[in-house]
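Asker: To get our numbering, take the position in the first sequence, counting from 1, and add 305.
Using N, Cα and C, we set each Cβ at its ideal position, and we do this for glycine too.
Just so it is clear, the structure is predicted and the values come from calculations on it, not from any experiment.
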Amino acid sequence: MIDLRLLREDPDRVRASQRARGEDVALVDALLSADERRRSSSTGFDELRAEQKSLGKLVGKAQGEERAELLKRAEQLKAAVKAADAEQHEAAEEAQRLLLQLGNIVHPDVPVGGEEDFVVKEVVGSPRDFAGEGFEPRDHIDLGELLGAIDVDRGAKVSGSRFYYLTGVGALLELALVNAAVAQATAAGFTPMLTPTLVKPEAMAGTGYLGQVEDDVYYLEKDGLYLVGTSEVPLAAYHMDEIIEASKLPLRYAGFSPCYRREAGSYGKDTRGIIRVHQFDKVEMFVFTRPEDAEAEHARLLEWEKQWLTSLELPYRVIELASGDLGSSAARKFDCEAWIPTQGKYRELTSTSNTTEFQARRLSVRLRDENGTRPLATLNGTLCAIPRTIVAILENHQQADGSVRVPEVLRPYLGGREVLEPVAK
RNA sequence: GGAGGCGUCGCCUAGUCCGGUCUAUGGCGCCGCACUGCUAAUGCGGUUUGGGCUUUACCGUCCAUCGAGGGUUCAAAUCCCUCCGCCUCCGCCA
């Protein structure tokens, strides 16, 4: 959520942000009047309550007739205080309800527009010329089958569409990727974390995933728990309701966990293979920092993502997403997209968002410095989303005979193996 | 799943039986000041969090906050109910 004070002082800025997101601008005025009501009802309650308290003290001391007189007055106050309290609660809840619907303030440099209006910031490496090398590249499904690495048929048999097994070298490849990614993160000063994947509604809502993307979230009704779509959720909520000494910041965590996504509304998209699946593992970077350091940290997260993709020897590009494609928590977002040869296009592999104080306000995570307490900033970035990374590695590093060259960074984690060879059927 | 115990403003803790003097006690830690060759010790003061008003800083002031939410009462840390968390024991499972 944003700061109500900002809304009061500069509502035009909030309106402009909502407009850029393609979201409801009228919400701003509804919120302004709800806030007005909240403050006046709070004042009303405070005054009545103060009177009740001082009267109560007099009652305690008074005797006889004086006491009876005071009791009569106090009795009348009782109802008024109760009504004012109810009004105050209602007004506060209404303001809060509206406030939670408001997206984060879009960063001024973000290109305005929808999904197609992203800006390419950088292109790293170049796609291989398979025609020049004299063979037609196989897609990751064919390669996965040849290598005995991916089994989508049995994934569908056991769990349904968009599920899969990683088998043999496929399973080893995931473990190697996870180890290499965690090693990079640890070297950069991140604390490795294994997180819960079932979380309470507060954690889910606090991170901003119960708004327009709620349909994409698995929910266990019997237990009132949500399955997380990313370890960003348990990492963000890790410090929920805490005040952190500013001297301890930044706190950098590298979470590894399964991620669950219903992929509602994506019927027909990426139905083949493991590009878009209901369950996958991911190494995620998450940072708590001072608001004034957030932009620099965002740049660092992007650099770590680039370092990772470069070490995997993949051709990729960096794009900045447009305002309409940000998601409610993000003020600004960059994606790294790797080249997928058989699709002839770049596909998202990693994504990093600056969520400024938006999540911290919702989760009540604050910092304390010499000037007191205030919300801090949170940021997140993918280090390695396993299935898509496997797709990119198999397709980009394949050789004419169906074998796949192992990028050097992974070899220590694959027993020194330099090539993944097709297995006999 | 069953039984019992506990939850107080960073940590520990008094208060809860018997409602008003709680504007929540004391210690530790921390911050400031004083004193002091240095350090230490000592003394004095401060130290939950959130919201409102005062210009949104300072200062001041009011309200809320004793795990959370309801209730009883003129008045609740204190009495009643529901829920949550932690601990112990029993059962079941690993």
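Please report the distance separating the alpha-carbon of Q363 from that of R673.
Answerer: Counted from its first residue, the first sequence places residue 363 at position 58. Counted from its first residue, the first sequence places residue 673 at position 368. The question names Gln, yet the displayed sequence has Leu at residue 363. Between L363 and R673, the C-alpha separation is close to 40 Å.
Asker: With DSSP as the reference, please indicate the residues paired to E653 in a beta bridge.
Answerer: Residue mapping note: residue 653 aligns to position 348 of the first sequence, counting from 1. Note: E653 sits in a beta bridge opposite E642.
Asker: May I have the straight-line CA-CA distance separating L503 from I579, to the nearest angstrom?
Answerer: Taking the first residue of the first sequence as 1, we reach residue 503 at position 198. Taking the first residue of the first sequence as 1, we reach residue 579 at position 274. Distance between the alpha carbons of L503 and I579 is about 23 Å.
Asker: For S633 versus G408, is the C-beta spacing smaller than 7 Å?
Answerer: Taking the first residue of the first sequence as position 1, residue 633 is located at position 328. Taking the first residue of the first sequence as position 1, residue 408 is located at position 103. Result yes, Cβ atoms of S633 and G408 sit closer than 7 Å.
Asker: R344 by DSSP, collapsed to three states: which one?
Answerer: Along the first sequence, read from residue 1 onward, the residue named residue 344 stands at position 39. Looking at R344 - three-state DSSP - the assignment turns out to be helix.
Asker: Return the bridge partner residues of Y565 from the DSSP annotation.
Answerer: For this step, residue 565 is matched to residue 260 along the first sequence. Paired residues: Q584.
Asker: Going by Cα to Cα distance, which pick from S338, E479, P646, D521 is closest to P568?
Answerer: Here residue 568 corresponds to residue number 263 of the first sequence, with the count starting at 1. A small correction: the amino acid at residue 568 is Glu; Pro does not occupy that position in the sequence shown. It is D521.
Asker: Classify A490 as buried or exposed, calling it buried when 16 or more other Cβ atoms lie within 10 Å of its own Cβ.
Answerer: The sequence position of residue 490 within the first sequence is 185, counting from 1. So A490 counts as buried.
Asker: To the nearest angstrom, report how far apart L744 and A665 are at their CA atoms.
Answerer: Because the chain is modelled from 306 through 730, residue 744 falls outside the range shown and cannot be assessed.
Asker: Whole angstroms are fine: how far does the CA of L405 sit from the CA of L337?
Answerer: Walking along the first sequence from the start, residue 337 turns up at place 32. Walking along the first sequence from the start, residue 405 turns up at place 100. Computed Cα separation, rounded: 13 Å.
Asker: Output yes or no for whether 7 Å exceeds the beta carbon distance between L688 and W613.
Answerer: Here residue 688 is taken as the residue at index 383 of the first sequence, counted from 1. Here residue 613 is taken as the residue at index 308 of the first sequence, counted from 1. Result yes, Cβ atoms of L688 and W613 sit closer than 7 Å.
Asker: Can you check which of these residues, L606, I645, G453, is closest to S708 by C-alpha distance?
Answerer: Here the question's residue 708 lines up with position 403 in the first sequence. For S708, the nearest C-alpha among the options comes from G453.
Asker: With distances taken Cα to Cα, identify the nearest neighbour of L499 among K387, Y470, E537, V319.
Answerer: Translated into positions along the first sequence, residue 499 becomes position 194. Ranking K387, Y470, E537, V319 by Cα distance to L499 puts E537 first.
Asker: Using 8 Å as the threshold, is the region 592 to 600 in touch with the region 468 to 488, meaning 3 or more CB pairs across them?
Answerer: Counting Cβ pairs under 8 Å, fewer than three are found: no touch.
Asker: Name the residue from Y531, L525, K383 whose alpha carbon lies nearest to the alpha carbon of L515.
Answerer: Start at 1 with the first residue of the first sequence, and residue 515 comes out as number 210. Comparing Cα-Cα distances from L515 to each of Y531, L525, K383, the minimum goes to Y531.
Asker: Kindly identify the DSSP beta-bridge partner or partners of A690.
Answerer: Here residue 690 is taken as the residue at index 385 of the first sequence, counted from 1. In DSSP, A690 forms a bridge with K587.
Asker: What is the rounded straight-line gap between the Cα of S656 and the Cα of L360?
Answerer: The count along the first sequence starts at 1 and reaches residue 656 at position 351. The count along the first sequence starts at 1 and reaches residue 360 at position 55. Cα to Cα, S656 sits roughly 60 Å from L360.
Asker: Rounded to whole angstroms, how far is the Cβ of I645 from the Cβ of A697, which I believe are closer than 8 Å?
Answerer: As a position in the first sequence, residue 645 is number 340, starting the count at 1. As a position in the first sequence, residue 697 is number 392, starting the count at 1. Correct: roughly 6 Å between the Cβ atoms.
Asker: For E589 and R324, what's the separation of their Cα atoms in angstroms?
Answerer: Against the first sequence, residue 589 aligns to sequence position 284. Against the first sequence, residue 324 aligns to sequence position 19. Cα to Cα, the separation comes out at about 31 Å.
Asker: Among the candidates L311, R402, Y523, V463, whose CA atom is the shortest distance from the CA of K505?
Answerer: Sequence index remark: in the first sequence, residue 505 carries index 200 (1-based). Minimum Cα distance to K505 is reached at Y523.
Asker: Cβ atoms of M509 and L668: under 7 Å apart, would you say?
Answerer: Working through the first sequence from its first residue, we reach residue 668 at position 363. Working through the first sequence from its first residue, we reach residue 509 at position 204. No, they are not a contact pair.
Asker: Looking at L684 and N659, is the spacing between their C-beta atoms short of 7 Å?
Answerer: Within the first sequence, numbered from 1, the residue matching residue 659 stands at position 354. Within the first sequence, numbered from 1, the residue matching residue 684 stands at position 379. For N659 and L684, yes; Cβs fall inside 7 Å.
Asker: Can you list, in chain order, the residues of its chain with a C-beta nearer than 7 Å to that of P316? Leave out the 5 residues immediately preceding and following it.
Answerer: Taking the first sequence and counting its residues from 1, one reaches residue 316 at position 11. Only V333, L337 meet the Cβ criterion.
Asker: Threshold first: 3 residues or longer. Then list the beta strand (DSSP E) segments lying entirely within the region 534 to 578, N to C.
Answerer: Here the runs fully enclosed are 548 to 550, 556 to 565.
Asker: Can you tell me where the alpha helix (DSSP H) holding I446 begins and where it ends?
Answerer: What you label residue 446 is simply residue 141 of the first sequence in a count that begins at 1. Unbroken alpha helix (DSSP H) run through I446: 445 to 451.
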